[in-house]
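Take the sequence shown: its letters are residues 1 to 488, numbered as in the working numbering.
Beneath this line is the structure, given in structure tokens, with notes to follow.
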Amino acid sequence: MAKEITSRGENYSQWYLDIVKKAGLADNSAVRGCMVIKPTGFAIWENMKDQLDRMFKQTGHVNAYFPLFIPKSFLSKEADHVEGFAKECAVVTHHRLMNNPDGSGVVVDPDARLEEELIVRPTSETIIWNTYKDWIQSYRDLPLLINQWANVVRWEMRTRPFLRTAEFLWQEGHTAHATKSEAVEESQMIHELYARFAEDYMAMPVIKGAKTANERFAGAEETYTIEALMQDGRALQAGTSHFLGQNFAKAFDVTFADNNNKEDYVWATSWGVSTRLVGGLIMTHSDDEGLVLPPKLAPTQVVIVPIPKPQREIMEVADRIVTELLALGISVLIDKDKKKRPGFKFAEYEMKGVPVRIGIGKRDLANGVVEVARRDTKEKSSINLDGIAKYVEQLLVDIQDNLFNRSKKYRDDHITEVNDFDTFKEVLEDKAGFVSAHWDATIESELKIKELTKATIRCIPHDQVKESGKDVLTGKPSFGRVLFAKAY
Numbered sequence: 001m002a003k004e005i006t007s008r009g010e011n012y013s014q015w016y017l018d019i020v021k022k023a024g025l026a027d028n029s030a031v032r033g034c035m036v037i038k039p040t041g042f043a044i045w046e047n048m049k050d051q052l053d054r055m056f057k058q059t060g061h062v063n064a065y066f067p068l069f070i071p072k073s074f075l076s077k078e079a080d081h082v083e084g085f086a087k088e089c090a091v092v093t094h095h096r097l098m099n100n101p102d103g104s105g106v107v108v109d110p111d112a113r114l115e116e117e118l119i120v121r122p123t124s125e126t127i128i129w130n131t132y133k134d135w136i137q138s139y140r141d142l143p144l145l146i147n148q149w150a151n152v153v154r155w156e157m158r159t160r161p162f163l164r165t166a167e168f169l170w171q172e173g174h175t176a177h178a179t180k181s182e183a184v185e186e187s188q189m190i191h192e193l194y195a196r197f198a199e200d201y202m203a204m205p206v207i208k209g210a211k212t213a214n215e216r217f218a219g220a221e222e223t224y225t226i227e228a229l230m231q232d233g234r235a236l237q238a239g240t241s242h243f244l245g246q247n248f249a250k251a252f253d254v255t256f257a258d259n260n261n262k263e264d265y266v267w268a269t270s271w272g273v274s275t276r277l278v279g280g281l282i283m284t285h286s287d288d289e290g291l292v293l294p295p296k297l298a299p300t301q302v303v304i305v306p307i308p309k310p311q312r313e314i315m316e317v318a319d320r321i322v323t324e325l326l327a328l329g330i331s332v333l334i335d336k337d338k339k340k341r342p343g344f345k346f347a348e349y350e351m352k353g354v355p356v357r358i359g360i361g362k363r364d365l366a367n368g369v370v371e372v373a374r375r376d377t378k379e380k381s382s383i384n385l386d387g388i389a390k391y392v393e394q395l396l397v398d399i400q401d402n403l404f405n406r407s408k409k410y411r412d413d414h415i416t417e418v419n420d421f422d423t424f425k426e427v428l429e430d431k432a433g434f435v436s437a438h439w440d441a442t443i444e445s446e447l448k449i450k451e452l453t454k455a456t457i458r459c460i461p462h463d464q465v466k467e468s469g470k471d472v473l474t475g476k477p478s479f480g481r482v483l484f485a486k487a488y
């Protein structure tokens, strides 16, 4: 099976597409730029969704659902917002089809044109803030902490499964607050929550920071981002949290009476992550043999393969191991297929990224052991049956830690400080990764560097050390380094 995957060194982009296909994560659809998420890919997303949903609810947020369609006039109310999304919007103009008079099929009924066009949701700030106007009257109604799990459409022309598709799944939080400080605190808290999820569950190290004014979310006063590094040295924006100020409240006239009965506009945040995280998971950990999954997000953490095929004695032991693992909260599957050979099954589960494989054969049972293989390092061990459940429980922890540490080392080894533009270009071309360089804080130099190198400022790191220097391109004064990279 691994021979069917293009190696990362030969063609990283094709390797990624091969993994998505061969591991059964997604298919292309009949709609250009959209994908069909297959059961395995959706199970990974479900695990992400379930864990994030628990984390949101632990911090006081609740779920709701808002319409897919947004009146065009709503997007006109916040100037920066409409400018940021105008080129990506899908627009509904009619509400009915009719049979073509020539009998060739159906056509749009010209008499069914909508009085006002509807935008298929690219993000929900406008429809939600129009709703909040009716929900908020006084400080007693605040804070309002709402999250939505939904799909959105952004009419992308160059697409790639999970990473960039015309339609994708995500969550979007939209909160309203009585004070600026509360809204800033909310956006920063979610920013930290995203980083914790990425590192603790995805085993994907991230750099926390703020976007430049040019890279902020359309309509935001501040955007906080977590940036990850993929194995080809390109960055991936993995989650963003936005402090929106009072911009949307003013656009939709959302005011409240404070405890002194004084009217003021509410303060807002929005934040989201999407199925692009599945793409990030693939590119952070997988290898030339297939998908590699961190145990905390793997749909199946352990697979048991009887050798050479299911037999009563072997199945009794397998069932006992399953009972012990389930009692520890570990997801486990017994492969009872009698048609496929064990070698084929081993390759299949390696391709699908199952973290731990247990092989049970008669010879092993005679010695009171089973063979345990770990996906991340491909190491195999003979483990005593009496302690198998506890061994596997610890092994899953070790695999999770190893994947994080391995990825963090790669990330750290690919952060390079540079002080001149020639070296800047050489590092981007030969080594890739994050380039730490001085920036003069002007949009002109930011855009010029992007034009010359295709690298963007991924973030101004929170742990940025204030130091005097010279902009890597212009030579103008700078007071700190930012991180540049080519990105997905």
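Where is the CB? At the ideal position from N, CA and C, for every residue including glycine.
Q: Sort Thr-456, Ser-445, Gly-233 by Cα distance to Val-472 and report the nearest one.
A: Position 472 of the sequence shown holds residue 472. When each option's Cα is compared against that of Val-472, the closest is Ser-445.
Q: Compute the distance between the beta-carbons of Tyr-488 and Leu-236, then report whether it is under 7 Å.
A: As a first step, residue 488 is located in the sequence shown; it is residue number 488 there, counting from the start. As a first step, residue 236 is located in the sequence shown; it is residue number 236 there, counting from the start. Cβ atoms of Tyr-488 and Leu-236: closer than 7 Å.
**Q.** Counterpart residues of Glu-227 in DSSP-defined beta bridges
**A.** Here residue 227 corresponds to residue number 227 of the sequence shown, with the count starting at 1. In DSSP, Glu-227 forms a bridge with Ile-207, Gln-237.
Q: Determine the DSSP secondary structure at Leu-447, reduced to helix, strand or coil.
A: For the purposes of this step, residue 447 is taken as residue 447 along the sequence shown, with counting starting at 1. Helix.
**Q.** Under the three-state DSSP convention, the category Met-35 falls into
**A.** Start at 1 with the first residue of the sequence shown, and residue 35 comes out as number 35. Note: Met-35 maps to strand in three-state DSSP.
Q | Within 7 Å, strictly: CB atoms of Leu-403 and Ala-203 | A | Mapped onto the sequence shown, residue 403 falls at position 403. Mapped onto the sequence shown, residue 203 falls at position 203. Yes. Within cutoff.
(Q) Our contact map puts Lys-390 next to His-414 with C-beta atoms below 8 Å; I'd like the distance itself, whole angstroms only. (A) Within the sequence shown, the letter at position 390 stands for residue 390. Within the sequence shown, the letter at position 414 stands for residue 414. Not a contact, Cβ separation roughly 37 Å.
Q | Under the three-state DSSP convention, the category Arg-216 falls into | A | On the sequence shown, residue 216 is found 216 positions in, with the first residue counted as 1. Correct three-state label for Arg-216: coil.
Q | Helix, strand or coil at Met-202 according to DSSP, with G and I counted as helix | A | The count along the sequence shown starts at 1 and reaches residue 202 at position 202. Coil.
(Q) Just to confirm the assignment, what range does the alpha helix (DSSP H) spanning Asn-405 have? (A) On the sequence shown, position 405 is the one that residue 405 refers to. It spans 388-413 - the alpha helix (DSSP H) in which Asn-405 sits, taken as one unbroken run.
Q) Apart from the five residues on each side of it in sequence, which residues of its chain come closer than 8 Å, Cβ to Cβ, to Lys-250? A) Locating residue 250 in the sequence shown gives position 250, where the first residue counts as 1. The residues are Tyr-265.
Q) Can you list, in chain order, the residues of its chain whose CB lies under 6 Å from that of Asp-337, leaving out five sequence neighbours each side? A) Here residue 337 is taken as the residue at index 337 of the sequence shown, counted from 1. Closer than 6 Å at Cβ, skipping near neighbours: no residue.
Q | Boundaries (first-last residue) of the beta strand (DSSP E) holding His-438 | A | As a position in the sequence shown, residue 438 is number 438, starting the count at 1. 434-438 is the extent of the beta strand (DSSP E) around His-438.
Q) Between Ser-29, Phe-256, Leu-326, which lies nearest to Val-392 when the distance is taken from Cα to Cα? A) Counting from one through the sequence shown, the residue named residue 392 turns up at place 392. Minimum Cα distance to Val-392 is reached at Leu-326.
Q. Do the stretch 120-139 and the stretch 240-254 meet, that is, are 3 or more Cβ pairs less than 8 Å apart?
A. yes
Q.
Less than 7 Å between the beta carbons of Thr-165 and Met-35, yes or no?
A. Within the sequence shown, numbered from 1, the residue matching residue 165 stands at position 165. Within the sequence shown, numbered from 1, the residue matching residue 35 stands at position 35. Cβ atoms of Thr-165 and Met-35: closer than 7 Å.
Q: Hey, could you find the ends of the beta strand (DSSP E) Trp-155 is sitting in?
A: Locating residue 155 in the sequence shown gives position 155, where the first residue counts as 1. Looking at the DSSP string, Trp-155 is not in any beta strand (DSSP E), and its letter there is neither H nor E.
Q: Would you tell me roughly how many angstroms separate the C-alpha atoms of Val-153 and Trp-135, rounded to the nearest one?
A: Reading the sequence shown from its first residue, position 153 is the one you call residue 153. Reading the sequence shown from its first residue, position 135 is the one you call residue 135. So the two alpha carbons sit approximately 27 Å from each other.
Q. Start and end of the alpha helix (DSSP H) containing Gly-343?
A. In the sequence shown, counting from the first residue as 1, residue 343 sits at position 343. Run containing Gly-343: 342-351, per the alpha helix (DSSP H) assignment.
Q: Take the Cβ of Phe-434 as the centre, count every other Cβ of all protein chains shown within 10 Å, and call the residue buried at 16 or more, exposed below.
A: Residue numbering aside, residue 434 sits at position 434 when the sequence shown is read from its first letter. Classification for Phe-434: buried.
**Q.** Closest Cα partner of Glu-186 within the set Arg-341, Phe-162, Gly-60, Gln-171
**A.** Counting from one through the sequence shown, the residue named residue 186 turns up at place 186. Taking only the C-alpha atoms, the option nearest Glu-186 is Gly-60.
Q) Three-state secondary structure (DSSP) at Val-305? A) Indexing the sequence shown from 1 puts residue 305 at position 305. It is a strand residue.
**Q.** Minimum C-alpha distance to Lys-450 - residue among Lys-77, Gln-464, Phe-421, Pro-161
**A.** Position 450 of the sequence shown holds residue 450. Answer by Cα proximity: Phe-421.
Q: Measure from the alpha carbon of Glu-199 to the alpha carbon of each residue in Asn-151, Asn-405, Val-418, Thr-442, then state which is nearest.
A: By 1-based counting over the sequence shown, the position of residue 199 is 199. The residue with the shortest Cα to Cα distance from Glu-199 is Asn-405.
Q.
Suppose you measure from the CA of Gly-475 to the CA of Ile-443; what does that come to, to the nearest Å?
A. Stepping through the sequence shown from its first residue, residue 475 is reached at position 475. Stepping through the sequence shown from its first residue, residue 443 is reached at position 443. Whole-angstrom Cα-Cα distance: 15 Å.
Q) In its own chain, which residues sit with a C-beta less than 6 Å from the C-beta of Arg-458, not counting the 5 before and 5 after it? A) Reading the sequence shown from its first residue, position 458 is the one you call residue 458. Only Glu-227, Ala-235, Leu-483, Ala-485 meet the Cβ criterion.
(Q) Starting from Leu-328, trace the beta strand (DSSP E) in both directions and tell me its first and last residue. (A) Taking the first residue of the sequence shown as 1, we reach residue 328 at position 328. Note, Leu-328: premise wrong, no beta strand (DSSP E); not H, not E.
(Q) Can you list, in chain order, the residues of its chain with a C-beta nearer than 7 Å to that of Lys-425? Leave out the 5 residues immediately preceding and following it. (A) Locating residue 425 in the sequence shown gives position 425, counting from the first residue. Once the five neighbours on either side are set aside, the close Cβ partners of Lys-425 are Thr-453.
Q: Using the Cα positions of Gln-311 and Ala-298, report the straight-line distance between them to the nearest angstrom.
A: Position 311 of the sequence shown holds residue 311. Position 298 of the sequence shown holds residue 298. If you take the alpha carbons of Gln-311 and Ala-298, they lie about 28 Å apart.
**Q.** Residue from Ala-373, Thr-323, Glu-78, Asn-367 with nearest C-alpha to Ala-347
**A.** Within the sequence shown, residue 347 is the residue found at index 347, counting from 1. For Ala-347, the nearest C-alpha among the options comes from Ala-373.
Q: Mind reading off the beta-carbon distance from Val-273 to Arg-357? Whole number of angstroms is fine, and I expect it under 8 Å.
A: The residue given as residue 273 occupies position 273 in the sequence shown. The residue given as residue 357 occupies position 357 in the sequence shown. Rounded, the Cβ-Cβ distance is 30 Å, inconsistent with contact.
Q: Between the Cα of Arg-320 and those of Ser-381, Gln-301, Gly-387, Asp-102, spot the shortest distance and give me the residue it belongs to.
A: Taking the first residue of the sequence shown as 1, we reach residue 320 at position 320. The shortest Cα separation from Arg-320 among Ser-381, Gln-301, Gly-387, Asp-102 belongs to Gly-387.
Q) Would a C-beta distance cut-off of 7 Å place Thr-175 and Leu-145 closer than the cut-off? A) Numbered from its first residue, the sequence shown carries residue 175 at position 175. Numbered from its first residue, the sequence shown carries residue 145 at position 145. Against a cut-off of 7 Å, the Cβ pair of Leu-145 and Thr-175 comes out as a contact.
Q: Starting from Thr-269, trace the beta strand (DSSP E) both ways and give me its first and last residue.
A: Here residue 269 refers to the residue found at position 269 of the sequence shown. First-last of the beta strand (DSSP E) with Thr-269: 267-274.
Q: For His-462, name the three-state secondary structure that DSSP assigns.
A: Taking the first residue of the sequence shown as position 1, residue 462 is located at position 462. In this structure, His-462 counts as coil in the three-state DSSP scheme.
Q: For the beta strand (DSSP E) holding Thr-495, just list the boundary residues, first then last.
A: There is no way to answer for residue 495, as the model of the chain reaches only from 1 to 488.
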